[in-house]
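Written out below as structure tokens is the structure these notes cover.
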Amino acid sequence: MNRLLNNIRLRNKMLLVYFLCVFAPIVLTNAIFYRVITDNVRDQRIQDIDQAIEQIKNDFRAQVDAAVGLSSFFYTDFGTNEILDKDFENSADYVEAYDSYLRRMLNNYTPLALSLQQVTIYADNPTLLHSGNVGDLSDDVRGMPWYKALRNAPSQPAFVRTETADGRFDCFSLIRRMDYYSERFPREKAVKIDFKTVDLDELFRNLNMQGSMYLLNPSGEIEFTTDPAIDWRASPKVAYASLNTEHSIEFATDYGVTSYLRGWGIVGTVAADEVIREVRKSRDFILGSACVMMVIPTVIILVITRSFNVRIVQILKHMKKVRSQSFETIRAADSRDEIGHLTLEFNRMTLQIKSLIDDVYGAELQKKSLELERRQAQLNALQSQINPHFLFNALETIRMRSLLKDERQTAGIIHSMAKIFRSSLTWNKDRITVNEELEFIVCFLDIQKYRFEDRLNYRIDVDPEAYGCEIPKMLFLPFVENASMHGIEPMKQGGRMEIRIAVTKEILRFSVRDNGVGMSEEQVDKIYGYLGMEGTMGERIGIQNVIYRAKLLYGDRFRFAVDSRPGEGTDIVFEIPRENANV
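Taking numbering that gives the first Met the number 0, the leading residue of the sequence shown gets 0, the next gets one more, and so forth.
Shown next as structure tokens:
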């Protein structure tokens with residue numbers, strides 16, 4: 000036996016002790032306990048539902064009995080029958096009789112005290128005033144389905160469902176012929192007592208009955224239910240037998256020999272899961288108690304094996320952290336056994352790896368930082384190239400024009416030039432709105448218009464949403480300058496330029512089209528070649544540097560396209576991601 004145990008791993012020995020001495024006994028005990036408890040809980044739940052159904056049955060019968068008692072009062076009351084059967088010579092006599100006796104009788108038995116909605120006495124007496132709970136027993140009333148039910152219950156009360164003319168549910172009523180004094184008072188009379196539907200609904204929604212309740216008539220049809228899936232108010236009525244109760248437990252009861260409720264019954268259905276839910280509560284309790292009973296012996300086992308097991312698990316845990324690049328040392332007291340030495344060597348190895356990674360990673364971060372600074376310097380250099388290039392050309396144009404022609408229009412050109420020059424000196428703002436960029440473009444075109452007069456015509460079309468979009472400073476202006484200087488200026492007869500700025504949900508699209516001299520295929524290929532250049536700004540300024548700036552700022556998120564042929568003009572499209580300016 001000892002040799003067999005000696006060949007078993009330490010972890011397996013502890014598991015064997017745990018399962019044989021702790022787990023197996025607890026599981027076996029709780030399985031038996033669970034079986035006994037769940038059977039008791041299920042039986043108790045079914046008994047509670049039976050009692051709830053019986054309580055609903057008794058409460059409903061109590062309401063109907065109260066109405067029966069009220070009908071019996073009017074049925075046997077001599078004074079009431081006498082007034083209803085009497086021929087009155089005028090209305091005043093009837094009102095006097097009604098006020099002196101009948102009103103008091105009706106008020107003493109108010110429906111509110113009996114959870115009833117209304118009491119109406121119908122009489123075949125044309126000399127009565129049909130108001131104040133007294134109705135005319137006309138042919139229309141005799142044709143009502145509820146009144147026809149009296150033919151099957153002479154002198155006995157009957158519980159019926161009252162419907163409107165279109166067949167919809169109106170209320171539940173208790174009806175009864177008032178023929179107790181038929182020999183002395185032969186006129187036909189009947190009392191109709193209406194129940195409050197809201198009270199019936201409250202009665203059938205018993206808190207102990209977590210299911211659906213059905214009130215069935217003698218034909219097995221549903222007259223009332225708490226099931227929201229059934230429209231019990233509509234006609235024709237739904238037969239209970241047509242319902243699918245396959246996954247439900249049914250509880251049924253009826254009223255036996257009670258004459259006015261003979262054939263009526265109450266059925267309750269509860270989903271099988273509802274009963275099982277109570278069983279599950281018991282299961283949770285048993286499992287919880289089993290866990291508590293298992294914790295105590297488990298803690299004892301952990302305390303006994305803590306001197307070696309916990310430290311091994313701790314080393315394994317930190318080794319997994321090293322795999323996810325979390326280099327934490329093990330905080331443990333010095334120990335002289337093999338596990339203690341293993342812990343010290345692990346800490347030493349972890350610190351060395353962390354030091355090497357920090358040195359290499361720090362150097363890489365520094366290299367990236369220098370690269371970003373270099374690119375920012377290139378971007379600033381681009382701006383300093385593009386702006387002076389345009390400003391000096393424009394100033395030279397104005398100077399030559401002023402020498403050749405003494406005109407006051409020069410003042411307007413100088414004003415436009417000052418706006419551009421003032422913007423070029425503002426280096427702390429490298430992003431502007433499309434509206435501000437358009438001001439620079441208009442200033443430039445005014446200067447060119449001043450130079451070429453009627454030789455230059457232009458049109459600008461901008462989507463209203465595009466004005467507030469944010470772009471890098473002077474991103475579109477070089478394209479307009481290029482179209483004017485190289486496209487239209489060489490033409491003796493001049494030309495026309497069309498500028499369009501459109502915006503979509505994600506893209507800002509700038510296009511400039513001219514009917515100038517155009518470009519050859521080699522020139523177009525050279526411009527496309529700027530897209531593939533890396534790490535250089537080039538010696539020339541203009542489109543090349545605009546493309547380079549866009550690559551620095553947007554990477555591959557911008558689009559540039561050129562469509563040009565000699566003698567047919569040039570069409571340039573430039574698309575960048577849409578960025579709304581912060582307001």
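For glycine and all other residues, C-beta sits at the position ideal for the given N, C-alpha and C. Predicted, not measured: the structure shown is a model, and the values here were computed from it.
When burial is assigned at 16 or more other CB atoms within 10 Å of the CB, is Q351 buried or exposed? exposed
Which residue comes first and which comes last in the beta strand (DSSP E) that contains L507? I506 to D513
Given this structure, state the Cα-to-Cα distance separating P471 from D357, to the nearest angstrom. 37 angstroms
Does the beta-carbon of D193 have 16 or more other beta-carbons within 10 angstroms, so that it is buried, or is it exposed? buried
Give a yes or no on whether the C-beta atoms belonging to T268 and F284 are separated by under 9 angstroms. no
How should G515 be labelled, buried or exposed, when 16 other C-beta atoms within 10 angstroms of its C-beta is the threshold for buried? buried
Tell me whether T328 sits in a helix, a strand or coil according to DSSP, three-state version. coil
Just tell me which of V312, N346, E337 and L341 has its CA closest to the CA of T328. N346
Cβ-based neighbour list, G78, same chain, cut-off 6 angstroms, excluding 5 preceding and 5 following: Y100
Is it buried or exposed, A600, if we count other Cβ atoms within 10 angstroms and call 16 or more buried? Because the chain in this structure spans residues 0 to 582, residue 600 falls outside the shown range and cannot be described.
What's the C-alpha gap between R577 and R556? 10 angstroms
Determine the DSSP secondary structure at I7, reduced to helix, strand or coil. coil
In terms of residue numbering, what span does the alpha helix (DSSP H) encompassing V266 cover? Looking at the DSSP string, V266 is not in any alpha helix (DSSP H); the run it does join, the beta strand (DSSP E), is G264 to A270.
Assigned secondary structure, T252 (DSSP; H/G/I helix, E/B strand, else coil): strand
Going along the chain, which residues of its own chain have a beta-carbon closer than 6 angstroms to the beta-carbon of I120, five neighbours each way excluded? V133 and V190
Quick one: any contact between the segment 44-59 and the segment 310-321, if contact means 3 or more CB pairs under 8 angstroms? no
What separation, rounded to the nearest whole angstrom, lies between the Cα atoms of V140 and D123? 11 angstroms
Could you tell me if E436 is buried or exposed, where buried requires 16 or more neighbouring beta carbons within 10 angstroms of its beta carbon? buried
Quick one, are the C-beta atoms of D513 and T569 less than 9 angstroms apart? yes
Starting from Q351, follow its DSSP beta bridges and name the residues at the other end. Bridge partners of Q351: none, in fact.
Identify every residue that forms a DSSP beta bridge with A560. V572
Are the beta-carbon atoms belonging to L168 and L199 less than 9 angstroms from one another? Residue 168 is actually Phe in this sequence, not Leu. No, these two residues do not count as a Cβ contact at 9 angstroms.
Might you give, ordered along the chain, the residues of its own chain that have their beta carbon closer than 8 angstroms to the beta carbon of I7, omitting 5 neighbours on each side? L15
DSSP three-state label for E138, please. Checking the sequence shown, residue 138 turns out to be Asp, not Glu. D138: helix per DSSP, three-state reduction.
Would you mind sorting L19 into buried or exposed? The rule is 16 or more other CB atoms within 10 Å of its CB. exposed
Between K491 and D453, what straight-line distance do the alpha-carbon atoms span, to the nearest angstrom? 11 angstroms
Which of helix, strand or coil DSSP assigns to V159: strand
Can you have a look at N544 and say buried or exposed, based on whether 16 or more other CB atoms are within 10 angstroms of its CB? buried
CA nearest to the CA of S211, picked from R564, L3 and I48: I48
Residue range of the unbroken alpha helix (DSSP H) whose run includes C442: V433 to F451
Quick check: what's the CA-CA separation for A580 versus V433? 10 angstroms
According to DSSP, F194 sits in a beta bridge with which residue or residues? L115
For Q43, which of D92, I221, V266 and I275 has the nearest alpha-carbon? I275
Hey, G517 and E567: beta-carbon distance below 9 angstroms or not? yes
To the nearest angstrom, report how far apart S519 and I487 are at their CA atoms. 15 angstroms
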